[in-house]
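To start, the structure itself, in structure tokens.
Residue numbers (our numbering): 1 to 458.
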């Protein structure tokens, strides 16, 4: 949708700029407030990322540009964002290994908060082939670790419209699973984790989340898409020779944002009431069970691979993995039970959260042991050179306990929770928290998807 057609929607998220030393934003009920003076906070944001392919699809590039690590660009663009009275930006992918301190300080001085996606083009929950594994877990928690140190980080997105129509609702189970450790990782600051929802009319209507006491906002409206001009022609600014040229939509937005001044409510006067959550059973349209994928556990995956007699060859190309899974699982469905996922039934193998190569090793070994028991093991660990024999290491200590819980066949359930890397991120500063069951809430919110919406969970 062109910017000139959504100005009316954008206008409702305007408010006054905060001072250079940003006041933390706190949550009470379904609203945002400035912590110090209790004034209601209205988000007026701009999507700020150059050359980016969004999450939730198979497209994208490893060579994304981290917008918070380029100091020269921040110096160039932040004054223009201020001209638009921007108080929030959304960044779609950051490199947690880079230094973001200078840009974050400039944004803080300009009164601008940051909402960041946890994924990146090649490491995110893909609606076409959804998974929640140890690689994604590591990516999400390291991003939280890196950004949680900055007081002007408002929250995180766990995905980008991963479920966008009724043909891929199964993917929502993996987003819900990702919410669990991501939310626990932000347990000591004002941070929240957002669920991005769908714009598809087949999904449940806005009325289903009216009265729900958690903040929600228009991710494409409250956060205007987008700052940089790309092929889609939605940009506010065009970059030529590293200089920013304002486009017509920049002027339209600037003009409208100068007009709006919504009435808010003081935090002390606001009395939220809870709304009972509706059930979200699987159906012909909604195929995401309330039972979720297991939390990634890198230690368990390392332990099981070391205990195997037949493993995947180190030299396998990534593009060959899919064919190899098809081969071994086609030969023996039972060999792949421990790595299988069925979001509609809510059934997941204990090793389904391991990396693709670890899962392939598990499947190869299961097939090898199956054939060996029948006296056919001599050539069962080969797969045209894709599998190899190794000397297994007998599990002991923690490894023994983890594998015992998971089961050697992967049909068990691991109760031990891994130590996440997000030790630095602290708890959301919510006022008068409501007593809601987390998993029930996440399932409900994903069922109640609406056009371009985000819902912050704490």
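C-beta: ideal position from N, C-alpha, C; glycine also.
Collapsed DSSP secondary structure at residue i in the structure displayed
| i | result |
| --- | --- |
| residue 244 | strand |
| residue 483 | Absent from the model: residue 483. The displayed extent of the chain is 1 to 458, so no value can be given. |
| residue 154 | strand |
| residue 189 | Only weak support is given to the placement of residue 189: the predicted model assigns it a pLDDT of 44, under 50, and the value that follows is read from those uncertain coordinates. Residue 189 falls in the coil class under three-state DSSP. |
| residue 170 | helix |
| residue 393 | coil |
| residue 42 | coil |
| residue 71 | helix |
| residue 250 | helix |
| residue 380 | coil |
| residue 237 | strand |
| residue 178 | helix |
Other residues of its chain near residue i: CB distance less than 6 angstroms, five sequence neighbours each side excluded
| i | result |
| --- | --- |
| residue 291 | 346 |
| residue 266 | 38 |
| residue 336 | 329 and 363 |
| residue 150 | 104 |
| residue 36 | 23 |
| residue 102 | 71 |
| residue 491 | Because residue 491 is not part of the residues shown, which for the chain are 1 to 458, the question remains open. |
| residue 356 | 321 |
| residue 78 | 106 and 110 |
| residue 471 | Given a span of 1 to 458 for the chain in the structure shown, any question on residue 471 remains unanswerable. |
| residue 358 | 301 and 305 |
| residue 49 | 67, 91 and 92 |
Whole-angstrom C-beta distance between residue j and residue i, which should lie under 8 angstroms
| i | j | result |
| --- | --- | --- |
| residue 354 | residue 129 | Going by Cβ atoms, the distance from residue 354 to residue 129 rounds to 15 angstroms, so no, they are not a contact pair. |
| residue 476 | residue 96 | There is no way to answer for residue 476, as the model of the chain reaches only from 1 to 458. |
| residue 90 | residue 71 | At roughly 20 angstroms, the Cβ-Cβ gap does not stay under 8 angstroms, so residue 90 and residue 71 are not in contact. |
| residue 93 | residue 137 | Incorrect: roughly 17 angstroms between the Cβ atoms, too far for contact. |
| residue 350 | residue 410 | 4 angstroms |
| residue 390 | residue 308 | 7 angstroms |
| residue 81 | residue 253 | 11 angstroms between Cβ atoms; not a contact. |
| residue 370 | residue 332 | 6 angstroms |
| residue 215 | residue 42 | About 11 angstroms separates the two Cβ atoms, so there is no contact after all. |
| residue 139 | residue 168 | 21 angstroms between Cβ atoms; not a contact. |
| residue 69 | residue 99 | 7 angstroms |
Beta-carbon proximity list for residue i, same chain, < 7 angstroms, skipping 5 on both sides
| i | result |
| --- | --- |
| residue 86 | 44, 45, 46 and 112 |
| residue 386 | 312, 313, 316 and 324 |
| residue 238 | 229, 245 and 247 |
| residue 415 | 405 |
| residue 173 | 288, 289, 292, 293 and 343 |
| residue 395 | 303, 307 and 403 |
| residue 283 | none |
Beta carbon proximity, residue i to chain C, threshold 8 angstroms
| i | result |
| --- | --- |
| residue 94 | Checking the listed chains, one finds no chain C in this structure; it contains a single protein chain. |
Residues that DSSP places opposite residue i in a beta bridge
| i | result |
| --- | --- |
| residue 34 | 25 |
| residue 223 | 45 |
| residue 279 | Note: residue 279 sits in no beta bridge, so no partner. |
| residue 284 | Bridge partners of residue 284: none, in fact. |
| residue 387 | 312 |
Spatial neighbours of residue i in its chain, beta-carbon cut-off 8 angstroms, leaving aside the 5 residues before and after
| i | result |
| --- | --- |
| residue 235 | 226, 227, 228, 229, 247 and 249 |
| residue 299 | 398, 399, 402 and 418 |
*Counting only runs that start and end within the region 287 to 372, where is the alpha helix (DSSP H) found for 4 or more residues in a row?*
298 to 306 and 321 to 331
*asked:* At 4 residues or longer, what runs of the alpha helix (DSSP H) sit wholly inside the region 74 to 149?
replied: 101 to 109 and 134 to 147
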